[in-house]
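Engineer: Quick note on this note's numbering: the sequence shown kicks off at 53 and runs consecutively.
For glycine and all other residues, C-beta sits at the position ideal for the given N, C-alpha and C.
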Amino acid sequence: MGTRPSFPARLNNGPAPAAAAPARPRAALPPVAASVSARADFSAMRQRMVRRLAASGVQSAAVLAAMGTVERDRFIDSALVAQAYEDTSLPIGLNQTISKPNVVARMCELLLGAELARDGKLARVLEIGTGCGYQAAVLSLLAREVYSIERLRGLHEKARENLRPFRLPNVHLLFGDGMAGYAKGAPYAAIIAAAGGEAVPQAWLDQLAVGARLVAPVAGQGGQQALVVIDRTAQGLRQQLLEAVHFVPLKSGVA
Numbered sequence: 053m054g055t056r057p058s059f060p061a062r063l064n065n066g067p068a069p070a071a072a073a074p075a076r077p078r079a080a081l082p083p084v085a086a087s088v089s090a091r092a093d094f095s096a097m098r099q100r101m102v103r104r105l106a107a108s109g110v111q112s113a114a115v116l117a118a119m120g121t122v123e124r125d126r127f128i129d130s131a132l133v134a135q136a137y138e139d140t141s142l143p144i145g146l147n148q149t150i151s152k153p154n155v156v157a158r159m160c161e162l163l164l165g166a167e168l169a170r171d172g173k174l175a176r177v178l179e180i181g182t183g184c185g186y187q188a189a190v191l192s193l194l195a196r197e198v199y200s201i202e203r204l205r206g207l208h209e210k211a212r213e214n215l216r217p218f219r220l221p222n223v224h225l226l227f228g229d230g231m232a233g234y235a236k237g238a239p240y241a242a243i244i245a246a247a248g249g250e251a252v253p254q255a256w257l258d259q260l261a262v263g264a265r266l267v268a269p270v271a272g273q274g275g276q277q278a279l280v281v282i283d284r285t286a287q288g289l290r291q292q293l294l295e296a297v298h299f300v301p302l303k304s305g306v307a
């Protein structure tokens, strides 16, 4: 996967993990202080969500475990916390949303279908659209390193605040134009996007390693979106168009 780039905006001040370090299963994120009763209530809701995900067709044990570990209620506004574990997208500010749990789980499971993840783990992943940081936290349990880029400064800062208490040493947050990807971290074992345009940017395709997979929404005629899966093979790119989805539009530049 190449040498890990220098990256100053880490979530902690500790030394960066060696690029060659093998991925290790992680049972849980570091705990964050909260009332015992509230955490117990949310834990039960989270486990019900996981059972619904399994019933809906999510089969990856690693993905289900990650979804059962990451506390989605910590990534949304307090006024909406009662809906934290419903299968619905929720506003997170700046006209952006946190994706439905089913969509997050589905896309993560598709990433684990990459050739480079045949051992059940991903190496370096690029996330386009950090949002509130929830999906980055899920990915942190499935990959050795996660690079997540956000074009809206307000959301970039929100994600930093949301993720800081968890002290995830393998998550790196960047502020910048996601359409350009992040060439310094390339090549990636997987790229996942949380916004959809009419075409997948060439920069993303160029940053995929051989054996890597990209999962993103794309807009077709009439603006309707569908998930696209693109695998880079030794022979070139292979594309599959999957089910309809609804994401915010992909935009260039920063704001």
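(1) Can you tell me whether DSSP reads P269 as helix, strand or coil?
(2) Check whether the Cβ atoms of I271 and G248 lie closer than 7 Å to each other.
(3) Just curious, the alpha helix (DSSP H) that L215 is in, first and last residue?
(4) If we ignore side chains and look at the alpha-carbon of each, how far apart do R219 and A136 end up?
(5) Given this structure, state the Cα-to-Cα distance separating M101 from A188, to the nearest angstrom.
(6) List the endpoints of the continuous alpha helix (DSSP H) containing E161.
(7) Would the beta-carbon of A241 fall within 7 Å of that of A261?
(8) Helix, strand or coil for T140, going by three-state DSSP, please let me know.
(9) Return helix, strand or coil for E179, following the three-state DSSP convention.
(10) For the beta strand (DSSP E) that D129 lies in, which residues bound it at each end?
(11) Between which two residues does the alpha helix (DSSP H) carrying D283 extend?
(12) Could you tell me which of Y199, G185, L225 and S200 sits nearest to N214, measuring between CA atoms?
(13) Would you tell me roughly how many angstroms separate the C-alpha atoms of A268 and C160, rounded to the nearest one?
(14) Considering only the beta carbon of each residue, do A278 and L289 sit closer than 7 Å?
(15) Run the CB neighbour count on A253, radius 10 Å, all protein chains shown included, and call it buried at 16 or more, exposed below.
(16) Let me know the secondary structure DSSP gives S108 once reduced to three states.
(17) Give the secondary structure of Y52 by DSSP, where H, G and I count as helix, E and B as strand, and everything else as coil.
(18) Between the segment 138-145 and the segment 115-122, do three or more beta carbon pairs fall short of 8 Å?
(19) Who are A296's beta bridge partners in DSSP?
(20) Where do the N-terminal and C-terminal ends of the alpha helix (DSSP H) with A118 fall, by residue?
Structural biologist: In this structure, then:
(1) strand
(2) The sequence given here has Ala at residue 271, not Ile. Yes.
(3) R205 to L215
(4) 22 Å
(5) Looking at the two C-alpha atoms, the distance is approximately 19 Å.
(6) P153 to L163
(7) yes
(8) Judged by DSSP in its simplified three-state form, T140 adopts coil rather than helix or strand.
(9) strand
(10) Note, D129: premise wrong, no beta strand (DSSP E); not H, not E.
(11) No alpha helix (DSSP H) holds D283; the beta strand (DSSP E) holding it covers Q277 to T285.
(12) G185
(13) 11 Å
(14) Taking 7 Å as the Cβ cut-off, A278 and L289 do not qualify as a contacting pair.
(15) Sequence check: residue 253 is Pro here, not Ala. Answer is buried; the Cβ neighbour count reaches 16.
(16) coil
(17) No answer is possible for residue 52: it lies beyond the span of the chain, which begins at 53 and ends at 307.
(18) no
(19) For A296, which the question treats as bridged, DSSP gives the partners A278.
(20) Per DSSP, A118 belongs to the alpha helix (DSSP H) from A113 to T121.
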